[in-house]
Each structure stands twice: as C-alpha cells, then as structure tokens.
Amino acid sequence: MPTLQQFTGCLLGQCVGDALGYVIESKPPEECRAYVDNKIRTNQLADWSGQYSDDSQLARELMISYADCGAFNPVDYADRIRAIFSEGRIVGSGRGALEAAARLEAGVPWDQAGTPAPSAGNGTAMRVAPIGLFFAHDHTALIRAAEQQARITHLDPRCTAGAIAIAGTVTLTYEGDIVPEVVAEQVSDWCRPFDPVLADALLRLPGWLDNPLDVVLEEVKSIGDCPAEWTGWPGIPVFITPSVLWSLYAFLKSPSSYVDAITTAMAGGGDVDTTAAMTGALSGAHLSLDAVPADWTRLVNDRGTWTYDDLITLAHKCYEISYVRDKS
Ligand SMILES: [Mg+2]
9 MPTLQQFTGC
19 LLGQCVGDAL
29 GYVIESKPPE
39 ECRAYVDNKI
49 RTNQLADWSG
59 QYSDDSQLAR
69 ELMISYADCG
79 AFNPVDYADR
89 IRAIFSEGRI
99 VGSGRGALEA
109 AARLEAGVPW
119 DQAGTPAPSA
129 GNGTAMRVAP
139 IGLFFAHDHT
149 ALIRAAEQQA
159 RITHLDPRCT
169 AGAIAIAGTV
179 TLTYEGDIVP
189 EVVAEQVSDW
199 CRPFDPVLAD
209 ALLRLPGWLD
219 NPLDVVLEEV
229 KSIGDCPAEW
239 TGWPGIPVFI
249 TPSVLWSLYA
259 FLKSPSSYVD
269 AITTAMAGGG
279 DVDTTAAMTG
289 ALSGAHLSLD
299 AVPADWTRLV
309 NDRGTWTYDD
319 LITLAHKCYE
329 ISYVRDKS
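The numbering of the sequence shown is our numbering, which starts it at 9 and goes up by one.
Written out as structure tokens, the structure reads:
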C-alpha cells in the first residue's frame with residue numbers, strides 16, 4: 009500500500025504542477041524555461057493565483073466520487089464530469105472532454121459518451137493518477153478502472169493506453185528507488201494491448217535520460233500520429249502520446265526532486281499545465297507530501313475553494329477506504 013503521505017503528495021503534487029504550468033500553458037519551450045528560471049526557481053510568485061485547471065479539478069472529482077461511493081464507480085464519476093461542465097465550473101477544458109460532457113448531458117450512457125478516434129487528447133491521463141493510488145496491489149483492477157474512466161470522455165485506444173501509463177507508473181512509485189528500465193518495461197506491457205506505438209516508445213525511454221533535453225524533446229514530439237489540430241503546437245502538444253511520454257521522462261529524469269521533475273516537464277513547453285500535473289502527481293506519490301514545497305501547496309485553489317485543507321481531507325478519506333478494503 010502507498011502511505012497516507014503518498015496519497016496527499018500525489019494530489020497536492022498534481023495541483024501544484026498544474027497551477028504553476030497553467031500560467032504558461034501553450035507557450036513555446038523558451039518562454040516556459042524563462043518562467044522556470046525567473047519565477048519558479050527563485051520563488052518570485054507573488055502574482056501567482058494558485059488556480060489549478062481541469063486536470064486537477066477532474067482528478068479531485070475522481071477522488072470525491074471514490075470517497076462518496078466507497079469504490080471506483082464510473083457511472084458516478086461520469087455524472088460528476090457532466091456536472092462540472094454543465095455548471096460552467098471547468099477551467100480550461102479540452103475539446104474531447106467538452107464534447108463528451110455534452111453527450112452525457114443529453115443522456116448518452118457513460119461508456120458510449122467518449123469522443124471517438126482519432127480524437128486523442130491527453131484528458132484521460134491528466135486526471136487518472138488517483139486510480140494508481142486506489143489499486144496499488146490489484147493491477148488487473150487498476151487497468152480496468154483506468155480504461156473505464158478513459159471511456160467516459162475518449163474512445164480512442166491511444167487515450168486508454170496513456171491513462172494506463174500514468175496510473176500504472178503511480179503504483180510503481182511507492183517502494184524504494186526508481187529503476188527506469190523496470191518501470192518502463194512494466195508500463196509498456198500494460199499499455200501494449202491498447203497502443204503498441206506508446207509501448208515501443210516506453211521501452212526506449214530509459215535510453216533518453218542521459219541525452220540533451222532538446223534532443224529528447226524532438227524525439228518525443230515525433231512519436232505517434234498527431235491529429236492535425238495540434239501539429240502546429242509549440243513544444244509538447246495536447247496529443248496523448250507525446251504528453252504522457254514527456255511527463256514520464258521528466259519524472260524518471262529526476263525521481264528524487266519534485267521541483268526538478270516539474271520544471272523539466274515545463275521545459276518542454278506546450279501543454280505544460282497537463283505535463284506538469286502528471287509529472288507532479290508521479291513525483292508527489294513517490295516522494296510524499298513533504299517533498300512538494302509548502303509555499304506552493306498552501307496557495308493552490310479552485311476559485312478560492314478546494315484549497316489545501318480540503319484536498320488533504322479528501323486524500324485522507326480515500327486512503328481510509330483503500331486501506332480498509334485492502335485489509336478485509
Ligand atoms: Mg488544464
């Protein structure tokens with residue numbers, strides 16, 4: 009089992025990465041690196057709102073659903089996704105999820121509402137990290153839950169594979185040192201039935217860790233068949249395959265430093281709220297809450313609500329449910 013501090017670290021690590029990255033979302037790598045150097049590294053964040061976006065809102069809703077139902081329940085989670093869109097509470101959403109939410113609102117069942125291929129945004133992976141907390145010792149259940157929560161908004165199997173990669177890596181962060189080759193091989197096996205392109209790239213990932221950052225960035229951007237709507241993006245696009253690979257790379261490059269990991273994610277530019285959210289969740293789960301700077305965790309919020317204390321309480325509830333279930 010993960011510890012309570014790993015539960016809280018995963019959620020707060022995600023929210024901080026998201027909220028820091030949200031400020032520079034869709035900017036080119038050079039602009040994101042300047043922000044890292046001039047603002048984040050020097051903690052010059054007096055003008056930072058701490059607002060996190062859809063990535064962490066939907067990860068939070070997944071945890072609220074789990075806490076309320078006492079289990080992962082895709083029907084309930086889909087209704088929460090429908091509600092946050094229809095009530096206008098979503099912050100910075102993707103097109104695939106927006107269209108799926110409209111179908112849910114129209115009464116389409118949760119497992120048919122997802123936007124079909126070739127819509128392959130990263131919405132399924134950006135919110136999935138809590139699944140890796142809930143199903144630490146049941147990998148079959150983990151893959152099923154990651155797949156089910158993906159279906160709610162995206163039917164493209166590449167989106168399922170990306171969600172499995174993030175949730176699966178979360179479960180591999182709990183014990184001891186991270187061995188990139190071991191993580192990459194296991195996660196590749198889990199993803200392969202859904203997306204062999206991602207599975208093959210994961211096997212190459214450990215070999216990238218000693219390469220110059222920009223060499224890795226160009227390689228990652230070239231992987232998979234990027235939908236036309238994102239080919240012009242500066243840096244890492246919204247496309248699921250490169251955004252998941254870049255987030256895993258950033259975590260595996262600096263497994264012992266939360267700040268190094270999320271700033272590497274941001275150095276890729278592009279969809280940085282999402283890449284930093286996913287990397288932040290992985291790093292926070294591995295290193296626990298204490299590794300996420302308290303100056304930042306105390307400031308994250310969603311329009312002034314769902315701040316530090318609420319998020320910690322939510323993570324505690326989910327931890328209790330998982331712990332009791334695993335004991336029985
Ligand atoms: Mg976002």
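A virtual CB, placed ideally from N, CA and C, is assigned to each residue, including glycine.
Taking only three categories from DSSP, how would you classify residue i?
| i | result |
| --- | --- |
| Q59 | strand |
| D318 | helix |
| T313 | strand |
| I244 | strand |
| G129 | strand |
| H162 | strand |
| T123 | strand |
| G277 | coil |
| S336 | Its pLDDT being 49, under 50, S336 is placed unreliably in this model, and the value from its coordinates should be taken loosely. Note: S336 maps to coil in three-state DSSP. |
| L211 | helix |
| F15 | helix |
| M286 | helix |
| M134 | helix |
| V7 | Outside the shown range of the chain, which is 9 to 336, sits residue 7, and nothing can be said about it. |
| E189 | helix |
| E183 | coil |
| H294 | helix |
| I172 | helix |
| V308 | coil |
| L253 | helix |
| A323 | helix |
| V116 | coil |
| G232 | coil |
| H145 | coil |
| S264 | coil |
Is residue i a contact residue of ligand 1, with contact defined as CB to any heavy atom under 7 Å?
| i | result |
| --- | --- |
| T181 | no |
| S265 | no |
| Y43 | no |
| S251 | no |
| S61 | yes |
| T132 | no |
| T283 | no |
| G21 | no |
| Y327 | no |
| D26 | yes |
| G96 | no |
| G288 | no |
| G170 | no |
Rounded to a whole number of angstroms, what is the C-alpha to C-alpha distance between residue i and residue j?
| i | j | result |
| --- | --- | --- |
| A209 | L70 | 28 Å |
| R152 | V99 | 28 Å |
| E227 | D76 | 42 Å |
| W56 | T315 | 15 Å |
| R88 | A27 | 21 Å |
| P214 | W254 | 12 Å |
| P36 | G278 | 6 Å |
| P220 | R166 | 27 Å |
| A207 | Y60 | 30 Å |
| C234 | T287 | 21 Å |
| G131 | F259 | 19 Å |
| L12 | A236 | 42 Å |
| G276 | V44 | 11 Å |
| Q156 | P82 | 7 Å |
| L180 | Y257 | 15 Å |
| D222 | P250 | 14 Å |
| D175 | P138 | Checking the displayed sequence, the identity of residue 175 turns out to be Ala instead of Asp. Distance between the alpha carbons of A175 and P138: 7 Å. |
| K47 | T148 | 42 Å |
| L322 | L295 | 19 Å |
| V195 | F143 | 15 Å |
| Y85 | F93 | 13 Å |
| A173 | Y331 | 23 Å |
| S336 | G115 | Confidence at S336 is low in this model, with a pLDDT of 49, below 50, so the placement of that residue is unreliable and no value is reported for it. |
| S34 | V280 | 7 Å |
Does the CB of residue i have a neighbour CB from chain B at under 8 Å?
| i | result |
| --- | --- |
| Q194 | Among the chains in the structure shown there is no chain B, since it carries only a single protein chain. |
Just to check, is the beta-carbon of residue i closer than 7 Å to a non-hydrogen atom of ligand 2?
| i | result |
| --- | --- |
| G277 | The model on display carries ligand 1 but not ligand 2. |
*Within the stretch 28–52, note down every full alpha helix (DSSP H) run reaching 4 residues or more, in order along the chain.*
37–43
*Counting pairs of Cβ atoms below 8 Å between the stretch 221–240 and the stretch 179–192, do you hit three or more?*
Because the criterion of three Cβ pairs below 8 Å is not met, the stretch 221–240 and the stretch 179–192 do not touch.
*Decide yes or no for the touch test of the stretch 233–247 against the stretch 263–270: beta carbon pairs closer than 8 Å, at least 3 of them.*
no
_Using a Cβ distance threshold of 8 Å, determine whether the stretch 100–120 contacts the stretch 287–306, with at least three qualifying pairs required._
no
*Can you check the stretch 66–112 for any beta strand (DSSP E) of at least 3 residues that lies completely inside it and give the ranges in chain order?*
none
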